[in-house]
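A.B. asks: The opening position of the sequence shown corresponds to residue 572 in the working numbering, with each subsequent residue numbered one higher.
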Amino acid sequence: MQSDNAVTRNSSFTDILIMVLVLGTLWGFSEVVLSDAIKILGIPYRAGILTGIGMGIMGIALGYGRKVLPLIAIALVTMAAKQLVVPVLQCSVLCKANSCAAVLLQGGALCGAAAIAGQKLHNLKSARLVTPVSAALLAAGAFYFIGMRLAPCPYLLSFNHPGGLLSFFGAEGLSWAVFSGILFPAGYKLGSVLKNTVPAIKTTRPAAYYITAASVLACCYTAITISIMKSGI
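The following block contains the structure:
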C-alpha cells in the first residue's frame with residue numbers, strides 16, 4: 572500500500588512538473604515570438620494581449636490541476652525563457668528585468684486572487700471573470716511602482732508624473748484587465764477539457780504523452796532562440 576501511494580505521489584509530481592514546463596514555455600513563446608510578431612504587425616495593445624495570453628495559459632493550469640502554487644512556477648519558467656537573451660546575445664539580465672518582473676507579478680497576483688476565490692473559482696463563472704481581472708489590475712499597479720525603480724524604459728518613464736498611475740491604468744492597466752477577463756475563462760475551460768482527456772492518453776499511450784511534451788518544449792525554445800537572434804533585445 573505504501574509503495575502504491577509513493578508511485579501515485581511521484582506520478583502526480585511528474586504530471587505537475589510537465590504541466591509547469593509546457594505551459595511556462597508556451598507563455599515564454601508568446602512573450603518573445605508573438606510579442607515580436609505583434610510589434611512588427613503594428614497591432615495595438617501588445618502588453619494587454621500578452622498579459623491576456625499569460626492569464627489564459629495560467630487558466631489552463633487552474634482548470635487542469637486545480638492548484639494555485641504551480642502558477643508561480645509557471646511564471647518562473649516563463650522568465651527563464653525570456654532570459655535566454657543573456658546567453659544568446661551576451662547581455663545583462665537587466666535587459667529583460669522589467670518584462671520579467673511583469674510576468675512574475677501577473678503570476679503572483681493571479682495565484683493570490685485564485686487562492687482568495689477558493690472553490691468559487693471552480694464553481695462560479697463570475698469568479699472566473701472577477702479573479703483574472705482583479706489580478707491583472709493588481710499586477711499593473713504593482714508593476715508601475717516596481718518597474719519605475721527596477722529598469723524603467725522611456726515609455727514607462729513617460730508616466731512618471733503626478734497622476735501617472737491613473738494614466739498608466741488608462742493606457743495599459745485596463746487593456747491588461749480586459750484581455751485577461753476574456754482569455755482566462757477560455758483557458759480555464761480548455762484546462763478542464765484536458766483534465767478529462769490527458770490522463771487517459773498518458774495511461775493508454777504514455778510514449779505519445781511524453782514525446783508530445785518534449786516536442787513542444789523543443790519547438791518553443793528553438794523558436795524563441797531564433798526570434799532573439801533575429802530581433803535582438
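Ideal Cβ positions, reconstructed from N, Cα and C, are used throughout, including at glycine.
Assign Thr649 to one of two classes, buried (16 or more other C-beta atoms within 10 Å of its C-beta) or exposed (fewer than that).
C.D. replies: Buried: at least 16 other Cβ atoms inside 10 Å.
A.B. asks: Below 8 Å on the Cβ atoms is my guess for Leu754 versus Met626; work out the distance and round it to an integer in Å.
C.D. replies: 6 Å
A.B. asks: So, is Gly689 buried or exposed, given that buried needs 16 or more other C-beta atoms within 10 angstroms?
C.D. replies: Around the beta carbon of Gly689, fewer than 16 other beta carbons lie within 10 angstroms, which makes this residue exposed.
A.B. asks: I want to know whether the stretch 623-640 touches the stretch 758-765 - three or more CB-CB distances under 8 Å.
C.D. replies: yes
A.B. asks: Please confirm if the stretch 730-737 is in contact with the stretch 586-603, defined as three or more CB-CB distances below 8 Å between the two stretches.
C.D. replies: no
A.B. asks: Enumerated in chain order, which unbroken segments of the alpha helix (DSSP H) with a length of 4 residues or greater are wholly contained in the stretch 654-727?
C.D. replies: 656-660, 668-688, 691-694 and 698-721
A.B. asks: Based on Cα-Cα distance, which residue from Leu708, Leu676 and Arg617 lies nearest to Ile717?
C.D. replies: Leu676
A.B. asks: Please say whether Lys667 and Val656 have beta carbons closer to each other than 7 Å?
C.D. replies: yes
A.B. asks: Which class does Lys773 belong to by DSSP, given the choice of helix, strand or coil?
C.D. replies: helix
A.B. asks: Quick one: using the 10 Å Cβ neighbour count with 16 as the cut-off for buried, is Ser751 buried or exposed?
C.D. replies: buried
A.B. asks: Between the alpha carbons of Leu640 and Cys682, how many angstroms are there, rounded?
C.D. replies: So the two alpha carbons sit approximately 7 Å from each other.
A.B. asks: Can you tell me whether Gln573 is helix, strand or coil according to DSSP?
C.D. replies: The predicted position of Gln573 is uncertain, since its pLDDT is 46 and thus under 50; no value can be drawn from it.
A.B. asks: Please classify Ala699 as buried or exposed, where buried requires at least 16 neighbouring CB atoms within 10 angstroms.
C.D. replies: Here residue 699 turns out to be Arg, not Ala, going by the sequence shown. Under this definition Arg699 is a buried residue.
A.B. asks: On the DSSP letters alone, give me the boundaries of the alpha helix (DSSP H) that Ser738 sits inside.
C.D. replies: Gly735 to Phe739
A.B. asks: Excluding the 5 residues preceding and the 5 following Ser798 in the sequence, name in chain order all residues of the same chain whose CB lies nearer than 8 Å to its CB.
C.D. replies: Excluding positions up to five away in sequence, the list reads Val603, Val604 and Asp607.
A.B. asks: Would you call the CB atoms of Leu708 and Ala748 closer than 7 Å?
C.D. replies: yes
A.B. asks: State the Cα-Cα distance for the pair Phe739 and Tyr715, rounded to the nearest angstrom.
C.D. replies: 7 Å
A.B. asks: When you compare each of Leu612, Thr775, Ile795 and Thr596 to Leu647 by their alpha carbons, which one comes out closest?
C.D. replies: Thr596
A.B. asks: Taking the continuous alpha helix (DSSP H) assigned at Ile628, which residues delimit it?
C.D. replies: Run containing Ile628: Arg617 to Gly636, per the alpha helix (DSSP H) assignment.
A.B. asks: Let's test the definition: count the other Cβ atoms within 10 Å of the Cβ of Val674 and tell me whether it reaches 16, buried, or not, exposed.
C.D. replies: buried
A.B. asks: Excluding the 5 residues preceding and the 5 following Ile795 in the sequence, name in chain order all residues of the same chain whose CB lies nearer than 7 Å to its CB.
C.D. replies: Once the five neighbours on either side are set aside, the close Cβ partners of Ile795 are Gly599, Phe600, Val603, Val604, Ala652 and Leu655.
A.B. asks: Just the Cα atoms here: how many angstroms apart are Gly619 and Pro703?
C.D. replies: 13 Å
A.B. asks: Would you tell me roughly how many angstroms separate the C-alpha atoms of Thr775 and Thr768, rounded to the nearest one?
C.D. replies: The straight-line gap from Cα to Cα measures roughly 11 Å.
A.B. asks: Leaving out the 5 sequence neighbours to the left and right, which residues in its chain are closer than 7 Å to Arg637 when beta-carbon positions are compared?
C.D. replies: Close CB contacts of Arg637 within its chain, under the 7 Å cut and outside five residues either way in sequence, are with His693 (chain order).
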